[in-house]
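Colleague:
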Amino acid sequence: MKNYLQNGHIVRVTTPAGGIASGDALIVGSIFGIAAYSSAEGDPVELSTTGVFEVPKASAAVLTVGARVAWDNTAKEVTTPAVGRFPIGVAVEAAGNGVTSVAVRLDGIAMAAA
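What follows is the structure in structure tokens.
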């Protein structure tokens, strides 16, 4: 196909102010992804928008397998959905109070919570 650009599960975006480290989460507009590699501000970076990733979790959040989860961009961690949080996918493992990370299956491009 002449109009093919790239696979949808990897999206290339411009790295925001401050740069990004490999494995960090990033929101760009309505796109949530995990950086495939470290990148300096203004350089292109590839974000994985689908797949299963271990990400930081709010220690007080209690998640069950299959629970919808959201990204708290201020705290830079996964938590339960609420107003102002960005829905990102579902937990693929249970994670209780005090646990600091959780495996999450990303949904790809999502709409930010209102």
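Residues in the sequence shown are numbered consecutively from -12, following this note's numbering.
Here a beta-carbon is modelled for each residue, glycine too, at the ideal position from N, C-alpha and C.
Please read all numbers here as calculations on a predicted model, not as lab measurements.
Using the three-state DSSP reduction, which class does alanine 82 fall into: helix, strand or coil?
Modeller: Within the sequence shown, the letter at position 95 stands for residue 82. Alanine 82: strand per DSSP, three-state reduction.
Colleague: Could you have a look at leucine 34 and say whether DSSP puts it in helix, strand or coil?
Modeller: Translated into the one-based positions of the sequence shown, residue 34 becomes position 47. Reduced to three states, the DSSP call for leucine 34 is strand.
Colleague: For aspartate 94, which residues does DSSP report across the bridge?
Modeller: The residue given as residue 94 occupies position 107 in the sequence shown. Answer is Thr37.
Colleague: Tell me whether the beta-carbon of glycine 20 lies closer than 8 Å to the beta-carbon of valine 49.
Modeller: For the purposes of this step, residue 20 is identified with residue 33 of the sequence shown, where counting begins at 1. For the purposes of this step, residue 49 is identified with residue 62 of the sequence shown, where counting begins at 1. No, Cβ-Cβ distance for glycine 20 and valine 49 is not below 8 Å.
Colleague: Put serine 25 into one of helix, strand or coil per three-state DSSP.
Modeller: For the purposes of this step, residue 25 is taken as the residue at position 38 of the sequence shown. The answer is coil: DSSP assigns serine 25 none of H, G, I, E or B.
Colleague: In this structure, does DSSP put serine 17 in helix, strand or coil?
Modeller: Here residue 17 refers to the residue found at position 30 of the sequence shown. Serine 17: coil per DSSP, three-state reduction.
Colleague: Which same chain residues, not among the five before or five after glutamate 33, have their C-beta less than 6 Å away from its C-beta?
Modeller: Counted from its first residue, the sequence shown places residue 33 at position 46. Taken in chain order, the residues that qualify are Ile(-3), Arg(-1), Ala23.
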